[in-house]
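Chains as they are written, first to last, in the numbering used here: chain A, -2 to 336; chain B, -2 to 336. Just so you know, even glycine gets a beta-carbon here, dropped at the ideal spot from N, CA and C. Note that the structure is a prediction, hence the values are computed from the model and not measured.
Number of protein chains: 2
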Amino acid sequence: MATIVDFKKNGAEPKASLEPLLRLVRADLDRVNATILEHMQSPVHLIPQLAGHLIAAGGKRLRPMLTLGAAALCGYGGDRHVRLAACVEFIHTATLLHDDVVDESDLRRGQESANAVWGNQASVLVGDFLFSRSFELMVGDGSLQVLKILSRASAVIAEGEVQQLITTNDTATGETAYLEVIQAKTAALFAAATRIGAVVASRPKAEEDALDAYGTNLGIAFQLIDDALDYSAHQAELGKTVGDDFREGKITLPVILAFRRGTEEERSFWRRTLEDLDQHDGDMERAQGLIRQHGALDDTIARARHYAAIARDALGLFPDGEPKHALTEVVDFCVERAY
Amino acid sequence: MATIVDFKKNGAEPKASLEPLLRLVRADLDRVNATILEHMQSPVHLIPQLAGHLIAAGGKRLRPMLTLGAAALCGYGGDRHVRLAACVEFIHTATLLHDDVVDESDLRRGQESANAVWGNQASVLVGDFLFSRSFELMVGDGSLQVLKILSRASAVIAEGEVQQLITTNDTATGETAYLEVIQAKTAALFAAATRIGAVVASRPKAEEDALDAYGTNLGIAFQLIDDALDYSAHQAELGKTVGDDFREGKITLPVILAFRRGTEEERSFWRRTLEDLDQHDGDMERAQGLIRQHGALDDTIARARHYAAIARDALGLFPDGEPKHALTEVVDFCVERAY
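Shown next, in the form of structure tokens:
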């Protein structure tokens, strides 16, 4: 039956939210936003105009909030985390600009995407600017250790994006290859964002590694849920976009599981729609139906729960208190938004 | 008369070449090439494949040679210049990949461009990878001063590229705006490449500044000549590509001068061809004719000579010898290749 009972089996409304983290870091986050605004300026007006379009469109600022939260968890009392959180958001924004060019997206955060308004050319070049500016900001901070973490993360993200491009439209992609892609394109920046919190606070390596593990596993869980939501009927009910991955022929875990569990006739359907991109009315609904029928959404969420559990346990080293509570609730939020 | 007498008024064959610089730095340049090959590797095979296509296609390696030459001029005896010269070439290569996407070019260095072979998407993402990798390499070097110089240069290049995008198809662009664009998109990396030579050798600020001035002015002269060559009949005789800028509607100095010196009817021609990109058979020849008729090529080259003279004088502080001779001959080469 085409109900979404599997998505709401708790019955209860989601309780976890980003609120505790936001309360914890609000003052710092205001300074991060001011730093972002200040450093995206350029005498070439198109740059702040285009970057501002995307940055003003909102987004949760999840990655910079994680840097601020991790710094709080480490008892950091200085100023450097503000600037570095802005660097993290600049890298993320540059990636989004280039992603939208690569995916030929027309929408981002519910608004026309920058490439739809100003063209691919400007999006590529302004992305390059934000990326360079992020490194300038980091150099201003002066820590080679931070520079190493973020330059490494940037290279890994690019590798992940190239790998994703290769697996797009390839239904032979397996779960392992998929996991490598999301680890690189999403989790690497989460991990860098949280690791930096320990670095600025000069905490021992064990805590750095713990925050890296927290970020990595949170990032994987986050992306798994994102990929599940793209096929979720519940998501569609909420008026949010679904089906982007399907239209682009991205091979995400819900598809990988449904493909492997499906009949030969179903595999032909996936090949036609995702490899040949030969899509017709009703195909997205059939895709959702097959994914549900094979329990592929439930199991994608189950995989996310696994990584979420690791993320929570990674914080075990740290003392209880508001920061630990807030960062734990981020994990819950990332998974619960599936419901 | 449609001769190219203005381009060959010396009568003599060009004498200056990159040979003296190449002789000076050959051993180091081999190590730069090895460093480039080593650091463009990735488990994602498309990355070395695509990057290797462009890097193997040759190119003069002018920018890394300038870093090596500047280090020699400063009497540097260490190893760091090799890695940093590779960083400079990585940044340049990333820029070329993105440029070809922005310009929708099919050819680069006489071969099919990477975007023509692998698509725009892969070119954008591999460019991002090379750019990130360049920063990783710099961080490995460990000098915040170098990181500052190259991250600043990268941001300026991106600003210049955006500004160029804005002035493309705009015949109202004046010489000042054009100069700002080429200073940012080309000269900034030349300046960073040469300045680094003084930085690794721990030379006084006056020498750093002198090498920066050398690079800046050499870069401006280089780009002016490049822009002249794109309309040169002589260049066409040599079997090299001409007319790319015209086809794309780029507003370079030869056009700016011809436009301002032309009649209203001629300006209509420029507007139709460069603003509306409404181009027909014979238009490129007419453009070349107008540019010649108004002395716009000669005067573009005259402007280049001005910056070349400043570049030569910037080396005045340094002792005579093979490095200074080689770097001076680079300046001569950059201008004389117009003939």
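Exercise. For Leu271 (chain B) and chain A, any beta-carbon pair shorter than 8 Å?
Worked result: Not closer than 8 Å to any Cβ of chain A, the Cβ of Leu271 (chain B) fails to qualify, so no.
For this session: Pick helix, strand or coil for Glu101 (chain A), following the three-state DSSP scheme.
Result: Here Glu101 (chain A) sits in coil by DSSP.
Problem set entry | Asp125 (chain A) at chain C interface by Cβ criterion, 8 Å | In the displayed structure, chain C is absent; the protein chains listed are A and B.
Problem set entry | Where Gln38 (chain B) falls: helix, strand or coil (DSSP) | Coil, per DSSP.
For this session: May I ask you to report which of helix, strand or coil DSSP gives Gln142 (chain A)?
Result: Judged by DSSP in its simplified three-state form, Gln142 (chain A) adopts helix.
Exercise. Who are the Cβ neighbours of Asp97 (chain B) in its own chain at under 7 Å, not counting the five residues just before and after it?
Worked result: So the list reads Arg105, Ser110, Ala111, Asn112, Ser120, once near-sequence residues are dropped.
Problem set entry | Host alpha helix (DSSP H) of Asp329 (chain A) (start-end) | Looking at the DSSP string, the run of the alpha helix (DSSP H) that includes Asp329 (chain A) is 319 to 333.
For this session: Only counting runs of 4 or more residues, tell me where the alpha helix (DSSP H) segments fall wholly within the region 220 to 281 of chain A, in order along the chain.
Result: Every unbroken stretch of the alpha helix (DSSP H) spanning 4 or more residues and falling wholly within the region 220 to 281 of chain A is given here in chain order: 230 to 234, 241 to 245, 250 to 258, 261 to 267.
For this session: Identify which residue in A:Val239, A:Ala203, A:Thr173 has its Cα closest to the Cα of Ile217 (chain A).
Result: Nearest neighbour of Ile217 (chain A) by Cα position, chosen from A:Val239, A:Ala203, A:Thr173, turns out to be A:Thr173.
Exercise. Where does Lys182 (chain A) land, buried or exposed, given buried means 16+ other C-beta within 10 angstroms?
Worked result: It counts as buried.
Problem set entry | Cβ neighbour criterion (16 or more within 10 Å) applied to His42 (chain A) | Exposed.
Exercise. Which of the three DSSP states, helix, strand or coil, is assigned to Thr170 (chain B)?
Worked result: Coil.
Exercise. With a CB to CB cut of under 8 Å and the five nearest residues on each side skipped, what residues in its chain are close to Leu95 (chain A)?
Worked result: One detail in the question is off: residue 95 (chain A) reads as His in this sequence, not Leu. Result list for His95 (chain A): Ser120, Val121, Gly124, Glu158, in chain order.
For this session: Quick one: which residues of the region 168 to 185 of chain B get their C-beta closer than 7 Å to a C-beta of chain A? List them in chain order.
Result: So the list is empty, because no residue satisfies the distance condition.
Problem set entry | Residues of its chain near Leu15 (chain A), where Cβ-Cβ distance is below 6 Å and the 5 sequence neighbours each way are ignored | Result list for Leu15 (chain A): Phe330, in chain order.
Problem set entry | Tyr304 (chain A) - DSSP class collapsed to helix/strand/coil | The answer is helix: DSSP assigns Tyr304 (chain A) an H, G or I state.
Exercise. Which residues of chain B have a Cβ atom closer than 8 Å to the Cβ of Glu158 (chain A), listed in chain order?
Worked result: Result: Leu122, Asp125.
Exercise. For Lys202 (chain B), is the classification buried or exposed, using 16 other Cβ atoms within 10 angstroms of its Cβ as the cut-off for buried?
Worked result: Lys202 (chain B) comes out exposed.
Problem set entry | Gln160 (chain B) burial status per 10 Å Cβ neighbour count (16 or more: buried) | Label assigned to Gln160 (chain B): buried.
Problem set entry | Distance between beta carbons of Asp138 (chain A) and Arg80 (chain A), contact taken as under 8 Å | About 6 Å; that satisfies the 8 Å criterion.
Problem set entry | Integer Cβ distance of Leu70 (chain A) from Pro320 (chain A), believed to fall under 8 Å | About 4 Å separates the two Cβ atoms, so the contact holds.
For this session: Would you verify that the beta carbon of Arg60 (chain A) is, or is not, closer than 8 Å to some beta carbon of chain B?
Result: Answer no: the Cβ-Cβ gap between Arg60 (chain A) and chain B never drops below 8 Å.
Exercise. Just curious, the alpha helix (DSSP H) that Phe187 (chain A) is in, first and last residue?
Worked result: First-last of the alpha helix (DSSP H) with Phe187 (chain A): 185 to 197.
For this session: Keeping to the same chain, check which residues put their C-beta closer than 7 Å to that of Arg268 (chain A); ignore five residues upstream and five downstream.
Result: For Arg268 (chain A), where only same-chain residues beyond five positions count, the Cβ hits under 7 Å are Thr168.
Exercise. Using 8 Å as the Cβ pair cut-off and three pairs as the minimum, do the region 218 to 228 of chain B and the region 248 to 258 of chain B touch?
Worked result: A contact between stretches requires three or more CB pairs, one per stretch, nearer than 8 Å, and the region 218 to 228 of chain B meets this requirement with the region 248 to 258 of chain B.
For this session: With DSSP collapsed to three states, give me the class of Thr0 (chain A).
Result: Confidence at Thr0 (chain A) is low in this model, with a pLDDT of 37, below 50, so its placement is unreliable and the value that follows should be read with caution. DSSP places Thr0 (chain A) in coil when its eight states are reduced to three.
Exercise. Listed in chain order, which residues of the region 129 to 154 of chain A have Cβ atoms closer than 7 Å to some Cβ of chain B?
Worked result: Among the residues of the region 129 to 154 of chain A, those with a Cβ less than 7 Å away from any Cβ of chain B are Ser129, Arg130, Phe132, Glu133, Val136, Gly139, Leu141, Leu144, Lys145, Ser148, Arg149, Ser151, Ala152, in the order of the chain.
Exercise. Using the C-alpha atoms, what's the distance from Arg334 (chain B) back to Leu208 (chain B)?
Worked result: For Leu208 (chain B) and Arg334 (chain B), the gap between their C-alpha atoms comes out near 23 Å.
Exercise. According to the neighbour-count rule (16 or more other Cβ atoms, all chains shown, within 10 Å of its Cβ), is Gly194 (chain B) buried or exposed?
Worked result: Burial call: buried.
Problem set entry | Sequence-distant residues of its chain with Cβ nearer than 6 Å to Phe126 (chain B) (five each side left out) | Here the set comprises Ile44.
Exercise. Can you name, in chain order, every residue of its own chain whose Cβ lies under 7 Å from the Cβ of Thr325 (chain A), other than the five neighbours on each side?
Worked result: By the criterion of a C-beta distance shorter than 7 Å, Thr325 (chain A) is surrounded in its chain by Arg309, Leu312, once the five residues flanking it on both sides are discounted.
For this session: Using a Cβ-Cβ cut-off of 8 Å, state whether Leu43 (chain A) counts as contacting chain B.
Result: Taking Cβ atoms only, chain B reaches closer than 8 Å to Leu43 (chain A), which makes this a yes.
Exercise. Among B:Arg200, B:Gly66, B:His50, B:Gln38, which has the Cα closest to the Cα of Leu18 (chain B)?
Worked result: Measuring from the Cα of Leu18 (chain B), the nearest candidate turns out to be B:Gly66.
Exercise. Val99 (chain B) touches chain A at which residues, Cβ-Cβ below 9 Å?
Worked result: Per Cβ cutoff of 9 Å: Asn117, Gln118, Ala119, Val121, Leu122.
Exercise. In its own chain, which residues sit with a C-beta less than 8 Å from the C-beta of Thr270 (chain B), not counting the 5 before and 5 after it?
Worked result: Excluding the 5 residues flanking it on each side, Thr270 (chain B) has same chain C-beta neighbours closer than 8 Å at Phe243, Gly246, Gln276, Asp280, Ala284, in chain order.
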